[in-house]
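Heads up, the thing below is written out as structure tokens.
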Amino acid sequence: MLTNGYQHAFRVNLGKAVIELKRYLPNTISMFILFYSVFVFLLLGVKFIGDPATADTSVKYLLVSNGFWFLLLTSVSSMGWDLSTEALRGTLEQLYMSTVPTWLILLFRIVSTLLVYMVILVVMTVLSMLTAGQWLTFDLTAIAAILPATLIGAIGLAYLVAGMTLVYKQINSFLQVFQIFLMGVAYVPLATAPLLELAPTAKGIDMIRLVMAEGVPLAAFGAADWTSLWVSGLVYFALGFVAFKLFERHAMRMGLLGHY
Numbered sequence: 073m074l075t076n077g078y079q080h081a082f083r084v085n086l087g088k089a090v091i092e093l094k095r096y097l098p099n100t101i102s103m104f105i106l107f108y109s110v111f112v113f114l115l116l117g118v119k120f121i122g123d124p125a126t127a128d129t130s131v132k133y134l135l136v137s138n139g140f141w142f143l144l145l146t147s148v149s150s151m152g153w154d155l156s157t158e159a160l161r162g163t164l165e166q167l168y169m170s171t172v173p174t175w176l177i178l179l180f181r182i183v184s185t186l187l188v189y190m191v192i193l194v195v196m197t198v199l200s201m202l203t204a205g206q207w208l209t210f211d212l213t214a215i216a217a218i219l220p221a222t223l224i225g226a227i228g229l230a231y232l233v234a235g236m237t238l239v240y241k242q243i244n245s246f247l248q249v250f251q252i253f254l255m256g257v258a259y260v261p262l263a264t265a266p267l268l269e270l271a272p273t274a275k276g277i278d279m280i281r282l283v284m285a286e287g288v289p290l291a292a293f294g295a296a297d298w299t300s301l302w303v304s305g306l307v308y309f310a311l312g313f314v315a316f317k318l319f320e321r322h323a324m325r326m327g328l329l330g331h332y
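The numbering used here numbers the first residue of the sequence shown as 73 and each following residue consecutively.
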């Protein structure tokens with residue numbers, strides 16, 4: 073259980089995520105348009121270029137993959153953007169003066185962001201399903217069992233990006249290149265590229281894709297699947313967190329927090 077101070081910090085950051093969506097409404101609308109536009113263009117590719125015999129399954133795979141690509145983009149980049157914004161506002165050093173550890177504030181922020189964006193994602197997925205004329209299987213028990221371990225790995229990547237932001241200031245070009253990697257993780261099934269299972273979040277995305285696109289029940293996944301899912305998530309979270317602390321220590325030692 074979180075202490076009262078930590079509960080308050082989480083509530084504040086959850087409110088912050090909602091307020092910023094409203095305050096920067098044009099940016100929020102642009103995000104909706106981008107997500108929907110990417111889906112429509114990919115859908116047209118599946119319809120006119122793909123194999124008609126597997127078109128329905130391909131569209132369902134596309135629905136799940138596009139949603140996860142959106143979720144990965146927002147989660148992985150959110151910590152870095154938060155730190156860049158704090159620096160531009162001149163409040164980054166104040167963040168480090170809080171009684172709540174900075175790493176925990178960032179964790180509260182990314183969890184809040186994920187909660188808010190998952191609500192948005194549900195709305196956009198329903199709109200995409202209406203457009204495609206295909207409906208996914210929403211097995212909430214299976215999704216709830218698989219999603220946490222999947223997102224833990226994504227949070228680890230977010231910590232890595234946040235640490236790099238502290239030291240290197242602007243990493244927009246890196247994030248743009250990283251989007252291509254995230255797209256591969258989100259869109260390519262493990263049946264096509266088995267080695268991709270070693271990539272962060274790939275196993276969880278593939279399991280949820282099977283559940284939602286093919287109706288595979290939770291009981292169909294064996295011990296090897298769950299082991300791969302949780303080991304991958306925890307390892308990438310640990311690596312990302314350790315990298316963040318090392319970058320943070322370097323930034324403090326070099327006095328970089330105030331040099332934006």
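Note that beta-carbon positions come from the ideal geometry of N, C-alpha and C, so glycine has one too.
Check whether the Cβ atoms of Ala258 and Trp153 lie closer than 7 angstroms to each other.
Cβ distance not < 7 angstroms, so Ala258 and Trp153 don't count as in contact.
Close-in-space but distant-in-sequence residues of the same chain around Thr213 (CB under 7 angstroms, 5 per side omitted):
Excluding positions up to five away in sequence, the list reads Leu290.
Whole angstroms are fine: how far does the CA of Glu165 sit from the CA of Thr222?
A straight line joining the alpha-carbon of Thr222 with that of Glu165 spans about 32 angstroms.
Rank Tyr78, Ser137, Tyr308 and Phe104 by C-alpha distance to the C-alpha of Val283 and give the top, closest one.
Nearest of Tyr78, Ser137, Tyr308 and Phe104 to Val283, Cα basis: Ser137.
Measuring straight from C-alpha to C-alpha, what distance separates Val110 and Gly117?
The alpha-carbon atoms of Val110 and Gly117 are separated by roughly 11 angstroms.
Please tell me whether Ala81 and Phe180 are closer than 7 angstroms, where the distance is taken between their beta carbons.
Contact flag set, yes.
For Glu320, is the classification buried or exposed, using 16 other Cβ atoms within 10 angstroms of its Cβ as the cut-off for buried?
In summary, Glu320 is buried, with 16 or more beta-carbon neighbours lying within 10 Å of its beta-carbon over all protein chains present.
Report the residue from Tyr231, Phe107, Tyr240 and Arg161 whose alpha carbon sits nearest the alpha carbon of Met255.
Nearest C-alpha to Met255: Phe107.
Might you give, ordered along the chain, the residues of its own chain that have their beta carbon closer than 7 angstroms to the beta carbon of Val90, omitting 5 neighbours on each side?
For Val90, where only same-chain residues beyond five positions count, the Cβ hits under 7 angstroms are Val188.
Measuring alpha carbon to alpha carbon, tell me which of Gly162, Met326 and Met196 ends up nearest Val239.
Cα-wise, what sits closest to Val239 is Met326.
Leaving aside the five residues before and after Leu145 along the sequence, list all residues of the same chain whose C-beta is less than 7 angstroms from its C-beta, in chain order.
Cβ neighbours of Leu145 within its own chain (closer than 7 angstroms, five residues either side excluded): Gln251 and Leu254.
Here's the rule I'm using: 16 or more other beta-carbon atoms within 10 Å means buried, otherwise exposed. How should Thr237 be labelled?
With a 10 Å radius around the Cβ and a threshold of 16 neighbouring Cβ atoms, Thr237 comes out buried.
Out of curiosity, what's the CA-to-CA distance linking Val303 and Asp128?
The straight-line gap separating the alpha-carbon atoms of Val303 and Asp128 is approximately 33 angstroms.
Exposed or buried, which one is Leu155 when buried takes at least 16 other CB atoms within 10 Å?
Label assigned to Leu155: buried.
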